[in-house]
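Please read the structure below before turning to the comments.
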Amino acid sequence: DLAPANIKAPRTPEEAVLCELFAEVLGLEKVGIEDNFFELGGHSLLAMKLISRIRSKLGVELPIRSLFEAPTIENLSGHLSSEKQRTRNSFGTVIPLRVNGGNLPIFCFHPIIGLSWDYYKILKYIPPDWPLYGLQARGLNRNEKRHTDVDEMVDEYINHIKQVQPCGPYKLLGWSMGGVIAHEVGCRLQQDGHAIDMLAILDGYPSIDKSTRITDDSWELLLGIIGELGYTKNDLARESIKDAYEIIKREQHALASLNYSEFKRMLSISKNNAKLLNTHIPSVFNGEIELFVAINYSGKDKSVDWNQFVKGKVDVTKIQCTHSGMMNDVPLKEITRRLLKKLRGAS
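Each residue of the sequence shown is one higher than the one before, counting from 178 in my numbering.
Structure (structure tokens):
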């Protein structure tokens, strides 16, 4: 039962309406203003439904990303009249997925698309005493300069991490390209004298030769995204970014909250990130890493590629999923179960 145990009552008429809408969409009897939408079982499709009900009931148009940065009624109510602030926050270098909790935070690093929004799905599997922060690529905001190499990216992320948590031990988590970034951040923090309690990588690998390089073709990335939705290039009239975007909007993918200009910037960042990853030579991490490998794919076992960059055990857990499906409920439940053992052992 995901119903909240302690209900904090609404303080304003607007909060009262939001409480009703949250409960309606989530199928719960009551929701308090401090309760987290995603921790109560919310996901991207329910988020789209909630946004539609808010528009109908309150006459306010909110992007779905509002819920990523303000998943409680208490915080969301303060965002209803500030679209400009919302956009800057949801595209910022750091997005607070959960700021409260008595333990040291977990820092989560973005995949190739530069956005860390998918990490909100972890919230319902990680207990509320663990804060989480997402790190995102620069360039999502208009006229913002993109990173020029992984070292520059890592330097910036470490500066932001230290503003949240000035000293170690640190807990780092990265999916896909985010795994390579988390590894490099961990190496750099170790060089600065900080301890790393956890370095977990979700199906991310270094690009060490031509066979392991990832594509920087925007069209290939798009095919991967629509592939998650059950579509192929045969479903498109032509190789059109616009056509692919319309599928994403129609199917209510999480990226549907981006407008078309933002979507194209995301693709540009993805292409840039691929180039950065393909020219990056990882440092050597002094310790153990947790590596989760998606086994539903055709190709060689890439987990061995980490051996030369880790001076310790590469603890491999095979997950029955595809690379893009790592953040789906079933694999994520298994991943977080293992991570919690690691977290509790380190705390």
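The C-beta atom is built at its ideal place from N, Cα and C for all residues, glycine as well.
Whole-angstrom distance between residue j and residue i, CA atom to CA atom
i      : j      : result
LEU349 : TYR334 : 12 Å
GLY204 : GLY269 : 32 Å
ILE241 : ASN213 : 15 Å
GLU467 : GLU321 : 34 Å
MET375 : LYS490 : 12 Å
HIS324 : LEU317 : 11 Å
ALA377 : ILE458 : 19 Å
GLN342 : VAL276 : 12 Å
LEU307 : ARG521 : First, the amino acid is wrong: residue 307 is Trp here, not Leu. The alpha-carbon atoms of TRP307 and ARG521 are separated by roughly 11 Å.
HIS287 : SER501 : 13 Å
GLY363 : ASP332 : 11 Å
GLY255 : LEU435 : 21 Å
ARG263 : SER243 : Because the pLDDT at ARG263 is just 47, under 50, the model does not fix this residue reliably, and the point stays unresolved.
PHE245 : PRO187 : 21 Å
ILE272 : LYS519 : 24 Å
LEU453 : HIS371 : 26 Å
PHE284 : LEU379 : 13 Å
GLU260 : GLU192 : Legend: pLDDT at GLU260 = 47, less than 50; position of this residue unreliable, value from coordinates given subsequently. So the alpha carbons of these two residues sit roughly 18 Å apart.
GLY218 : ASN252 : 18 Å
Exposed unless 16 or more other CB atoms sit within 10 angstroms - verdict on residue i
i      : result
ARG265 : Any reading at ARG265 must be qualified, since the residue scores a pLDDT of 47, below 50, and its modelled position is unreliable; the value itself is stated next. With fewer than 16 other Cβ atoms within 10 Å, it is exposed.
LEU281 : buried
SER447 : buried
LEU312 : buried
CYS344 : exposed
SER137 : Lying outside 178 to 524, the shown extent of the chain, residue 137 is not represented and no answer is given.
PRO305 : exposed
GLU361 : buried
SER293 : buried
ASP506 : exposed
LEU398 : buried
TYR437 : exposed
GLY209 : buried
GLY291 : buried
ILE472 : exposed
ALA314 : buried
ASP386 : exposed
ASP412 : exposed
Residue(s) in a DSSP beta bridge with residue i
i      : result
LEU531 : Because the chain spans 178 through 524 in this model, residue 531 falls outside it and cannot be assessed.
LEU349 : PHE284 and LEU376
HIS464 : A quick correction: the sequence has Gly, not His, at residue 464. Its beta-bridge partners do not exist; DSSP assigns none.
ILE272 : GLY311
THR249 : ASN213
Task: the stretch 194-202 in contact with the stretch 223-237 per 3-pair CB rule at 8 Å - done: With a cut-off of 8 Å, the stretch 223-237 and the stretch 194-202 count as touching, because enough Cβ pairs lie within range.
Task: Runs of alpha helix (DSSP H) wholly within the stretch 180-245 (minimum 4 residues, chain order) - done: If one requires a minimum length of 4 residues, the alpha helix (DSSP H) runs lying completely within the stretch 180-245 are 190-203 and 221-235, in chain order.
Open item on the list: Using a Cβ distance threshold of 8 Å, determine whether the stretch 344-363 contacts the stretch 451-471, with at least three qualifying pairs required.
Closed with: Segments in contact, yes.
- [ ] Please specify which runs of the alpha helix (DSSP H), each continuous and at least 4 residues long, are wholly inside the stretch 436-518, giving them in chain order.
- [x] If we require 4 residues or more, the alpha helix (DSSP H) runs fully inside the stretch 436-518 come out as 437-455.
- [ ] Say whether the stretch 504-515 touches the stretch 296-312, bearing in mind that this needs 3 or more beta-carbon pairs closer than 8 Å, one atom from each stretch.
- [x] With the cut-off at 8 Å, the stretch 504-515 and the stretch 296-312 touch.
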